[in-house]
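In UniProt numbering, the protein residues as written are 1 to 154.
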């Protein structure tokens, strides 16, 4: 028997007030308590993740986050990988996992596999060979990726 109004994460609920874990809410479709928007579960608690509301840096749980304008954000030179992770930005030619790591430093750059890339990045699911580069139809100049503009002869 479950008493309504005393549910922890994963417990049965019918409304938000049934969930007793701070920063949790009732998922009415599944009828169970889950972490509220922009929060994530860790050790049966709901921690403030990227984009969660905050009043100080201490409110933000992931490493390399700070409270800016009442919102948990990645520190300078970091970008969100997930709700609970900030990863370092990458310069042109450096190893990467996400496009945002590259575009944060080099306008228009993407994180892509390349034939000559020997750097191995280990993600949670697989080893990938990626580095910050320009898309095939772009070129690198003046510290950014520019679109190739073809001129037709007169």
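Glycine included, C-beta positions come from ideal geometry on N, C-alpha and C. All values reported here derive from a predicted model rather than from experimental measurement.
Beta-carbon gap between residue i and residue j smaller than 8 Å
i: residue 86; j: residue 102; result: no
i: residue 106; j: residue 54; result: no
i: residue 13; j: residue 31; result: yes
i: residue 138; j: residue 147; result: yes
i: residue 26; j: residue 9; result: no
i: residue 65; j: residue 45; result: no
Coil, strand or helix - residue i by DSSP
i: residue 8; result: coil
i: residue 18; result: helix
i: residue 100; result: helix
i: residue 94; result: coil
i: residue 137; result: coil
i: residue 57; result: helix
Alpha-carbon spacing of residue i relative to residue j, whole angstroms
i: residue 42; j: residue 63; result: 14 Å
i: residue 117; j: residue 69; result: Residue placement at residue 117 is poorly supported in this model, since its pLDDT is 45, which falls under 50; the coordinates are not used for a value here.
i: residue 135; j: residue 37; result: 34 Å
i: residue 81; j: residue 40; result: 14 Å
i: residue 11; j: residue 33; result: 5 Å
Proximity test, Cβ basis, 8 Å: residue i and chain B
i: residue 137; result: This model lacks chain B altogether, as it is built from one protein chain only.
Contacts around residue i, its chain only, beta-carbon distance under 6 Å, and the 5 residues preceding and following it disregarded
i: residue 140; result: 134
i: residue 90; result: 96, 101, 102 and 132
i: residue 84; result: 40, 49 and 62
Cutoff 7 Å; reference residue i; Cβ partners in own chain excluding five residues on either side
i: residue 143; result: 106
Stretch-stretch touch, CB-based, cutoff 8 Å, three pairs: the region 87 to 104 with the region 46 to 58: no
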